[in-house]
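See below for the structure under consideration.
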Amino acid sequence: MKKLIIRWSHYVTETITNEETGEEETKGHTEHYHEVYNLDDILKLETEWGRVKVYLVDGTILETNDDSSEIFFR
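Following this line, the structure appears as structure tokens:
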């Protein structure tokens, strides 16, 4: 059965308090996502300017707004 694969990255920041100085610091890291769906589970697929929007048959809507998104079939 054919699969739709979506890969994207998202930069996440968090503010933490430095225990030694008491000052707040912002730190960030990149999280990578990888989703696989059966084509039978997909109602509609939209892409625009790096945004990916997937509508599943069960009513779920998945969306990413990242330029590094990739969509491919396997």
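Note that numbering that gives the first Met the number 0 gives residue 69 to position 70 of the sequence shown, counting from 1, and the numbers run on in steps of one.
All C-beta atoms in this analysis are idealised placements derived from N, C-alpha and C, irrespective of residue type, glycine included.
- If you look at Thr-16, you'll find it in the beta strand (DSSP E) that goes 2-16.
- Taking every protein chain shown into account, the CB of Thr-63 has 16 or more other CB atoms within 10 angstroms, so this residue is buried.
- The continuous beta strand (DSSP E) containing Gly-27 extends over residues 23-37.
- Counting only the Cα atoms, Glu-24 lies some 11 Å from Glu-18.
- A Cβ-Cβ separation of about 7 Å places Val-51 in contact with Trp-7 under the 8 Å criterion.
- A direct Cα-to-Cα measurement between Leu-38 and Leu-61 gives close to 14 Å.
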